[in-house]
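Undergrad:
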Amino acid sequence: MHILLAAVLSLAGLQAATPPQTGAPPQAPPPAATPAAPKKPAQTTGTTGRDSRQVARPAITVTVTNMSGQPIEGVVVRASGPVAREVTTDPSGTVVLKSMGAGTYRLRFEHADFFTLEREVTHGARATTVSVALNVAPKPAAEPAPPPKVEAPAPVLPPAGPPTFVSIPEFVEKNYVGGAPSLSSPVGCVPSASSKVVQLREPLAEHTHQNADELIYVVAGEGTHKIKGNDIPLEAGMFVTVPRGTPHSITRKGRNPVIVLSIVTEPCQPK
700 MHILLAAVLS
710 LAGLQAATPP
720 QTGAPPQAPP
730 PAATPAAPKK
740 PAQTTGTTGR
750 DSRQVARPAI
760 TVTVTNMSGQ
770 PIEGVVVRAS
780 GPVAREVTTD
790 PSGTVVLKSM
800 GAGTYRLRFE
810 HADFFTLERE
820 VTHGARATTV
830 SVALNVAPKP
840 AAEPAPPPKV
850 EAPAPVLPPA
860 GPPTFVSIPE
870 FVEKNYVGGA
880 PSLSSPVGCV
890 PSASSKVVQL
900 REPLAEHTHQ
910 NADELIYVVA
920 GEGTHKIKGN
930 DIPLEAGMFV
940 TVPRGTPHSI
950 TRKGRNPVIV
960 LSIVTEPCQP
970 K
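Counted the way my numbering counts, the sequence shown spans residues 700 to 970.
(1) Taking a contact to mean a Cβ-Cβ separation below 8 Å, would you say Ala-935 touches Gly-922 in this structure?
(2) How long is the line joining the alpha carbons of Glu-817 and Pro-839, rounded to whole angstroms?
(3) From which residue to which residue does the beta strand (DSSP E) around Phe-870 run?
(4) I want to know whether the region 776-788 touches the region 799-806 - three or more CB-CB distances under 8 Å.
(5) Would you say Thr-787 and Ile-771 are within 8 Å of each other, going by their C-beta atoms?
(6) Beta carbon of His-810, beta carbon of Gly-768: below 8 Å?
(7) Can you confirm whether the region 830-838 touches the region 879-888 when touching is taken to mean that 3 or more C-beta pairs between the two stretches lie within less than 8 Å?
(8) With 16 other CB atoms within 10 Å as the buried threshold, where does Gly-792 fall?
(9) Excluding the five sequence neighbours on either side, which residues of its own chain have a C-beta within less than 6 Å of the C-beta of Pro-885, listed in chain order?
(10) The beta strand (DSSP E) that contains Thr-815, what's its start and end?
(11) Quick one: what's Pro-932 bridged to in DSSP?
(12) Any idea which residues DSSP pairs Ala-832 with across the strands?
(13) Does Cys-967 come out as helix, strand or coil in the three-state DSSP assignment?
(14) Which same chain residues end up closer than 7 Å to Val-963 when comparing Cβ atoms and leaving out the 5 residues on each side of it in sequence?
(15) Considering only the beta carbon of each residue, do Leu-903 and Ile-949 sit closer than 8 Å?
(16) Nearest to Val-917 by alpha carbon, out of Thr-940, Glu-905 and Gly-928?
(17) With 8 Å as the threshold, decide whether the Cβ of Val-775 is near any Cβ in chain D.
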């Protein structure tokens, strides 16, 4: 009895463990999910991990002093190279050239009171510091003041003589040269000029009035007036001016003497 009950229980347990057959093939289990690939980090430049356009370029700091080490304000600093800059030093004599790309720069330092200086600087990936000392430029010498004008004293002239009236034809008739080589007769005298009638049979040698002009009027006769090597014909009624310092001479032409009235602009002392 006990053995029969055990067999029945064993058969019932076997049937419960076996699933019922439905006629459909068993389904395969779903495949395991594939893990996602890790994302690659963004490309970076340098050691900062930032985009190259965001990397700050280092500056060039410049300090300008005189030869005694004192800072100079107002120095114009011009940089030419990969980047161009123009700045002026502050009261501490310092300028900062910001965002300067790497490369070689030529720095020019200009100030009205100092000699201009140029310096070549190589700038890299790090900040650069430059110190320069300028020499004082000599100031232009002041123009000397013009000497005070000294008024020349007025010439002291002798007292003016009385006016004179002379008829030249009558004077020549009374004072004719005749057969003499020449005759010079004064006919007027004032403090600034002297007048005389000159009658020539022989040539009047070349001469010069250094400080006076001569005015010549031909009264009669014919001749040749030589001025600076040029021969000028003379005849009655001709008037000639001879500037001071000009050499000249007179030669008679024909049988009659040449007669001229000569006025020389030089002081004359009445006799």
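Think of the CB as a built atom: it goes at the ideal place given N, C-alpha and C, for glycine as much as any other residue.
TA: Let's see:
(1) No, the pair does not count as a contact, with Cβ atoms beyond the cut-off.
(2) Using only the alpha carbons, I get a separation of about 23 Å.
(3) Secondary structure note for Phe-870: it is in no beta strand (DSSP E), and the uninterrupted alpha helix (DSSP H) holding it is 867-873.
(4) Because the criterion of three Cβ pairs below 8 Å is met, the region 776-788 and the region 799-806 touch.
(5) In this structure, Ile-771 does not lie closer than 8 Å to Thr-787 by Cβ.
(6) No; because the gap between Cβ atoms is not below 8 Å, this pair is not in contact.
(7) As far as the Cβ criterion goes, the region 879-888 does not touch the region 830-838, which means the pair count is below three.
(8) Here Gly-792 is buried. Its C-beta has 16 or more other C-beta atoms within 10 Å.
(9) Hits under 6 Å: Lys-895.
(10) First-last of the beta strand (DSSP E) with Thr-815: 813-822.
(11) The bridge partners DSSP lists for Pro-932 are Thr-923.
(12) In the DSSP output, where bridge partners are listed per residue, Ala-832 has Thr-764.
(13) In the three-state scheme derived from DSSP, where H, G and I count as helix and E and B as strand, Cys-967 is classed as coil.
(14) Excluding residues up to 5 positions away in sequence, Ala-892, Ser-893, His-908, Ala-911 and Glu-913 lie with their Cβ nearer than 7 Å to the Cβ of Val-963 in the same chain.
(15) The beta carbons of Leu-903 and Ile-949 sit closer together than 8 Å.
(16) Considering only alpha carbons, the answer is Thr-940.
(17) Judged by its chain identifiers, the structure shown contains no chain D, having just a single protein chain.
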